[in-house]
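Residue numbers (my numbering): 30 to 115.
We treat Cβ as the ideally placed atom computed from N, Cα and C, and that holds for glycine.
Written below as structure tokens is the structure these notes are about.
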């Protein structure tokens with residue numbers, strides 16, 4: 030079975046931004062290592078627990094601004110996401 034690989038962080042972020050992201054991932058404990066079975070049935074040796082990264086408003090704002098900058102050329106009219114709550 031073939032699959033399309035997601036772009037690596039290095040291909041979409043400048044070096045300084047990549048360093049900042051790595052710092053945020055490390056400080057928040059959001060990047061987990063091990064063996065994970067994903068909802069798709071695929072397996073991975075790493076997993077990003079976004080909630081841990083985004084719990085800090087400063088980190089969440091930084092990430093949001095970086096994502097917005099990467100997709101601003103698309104001129105989206107709507108942005109949708111799953112409803113999350115607790």
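Counted as a single uninterrupted DSSP element, the alpha helix (DSSP H) harbouring residue 93 occupies residues 86-100. Annotation: residue 62 to residue 85 spans about 21 Å, alpha carbon to alpha carbon. Only residues of its own chain outside the window of five on either side were considered, and among them 73, 76 have a CB closer than 6 Å to the CB of residue 65, listed in chain order. For residue 89, same chain residues with a beta-carbon under 7 Å away, outside a window of 5 residues either side, are 83 in chain order. When the beta-carbon positions are compared, residue 60 and residue 54 come within less than 8 Å of each other.
Within the segment 49-87, the complete alpha helix (DSSP H) segments of 4 residues or longer fall at 79-83, listed in chain order.
Put simply, the backbone Cα of residue 42 is about 21 Å away from that of residue 80.
Here residue 103 carries a helix assignment [DSSP, helix/strand/coil].
With distances taken between CA atoms, residue 47 lies nearest to 95 out of 95, 100, 103.
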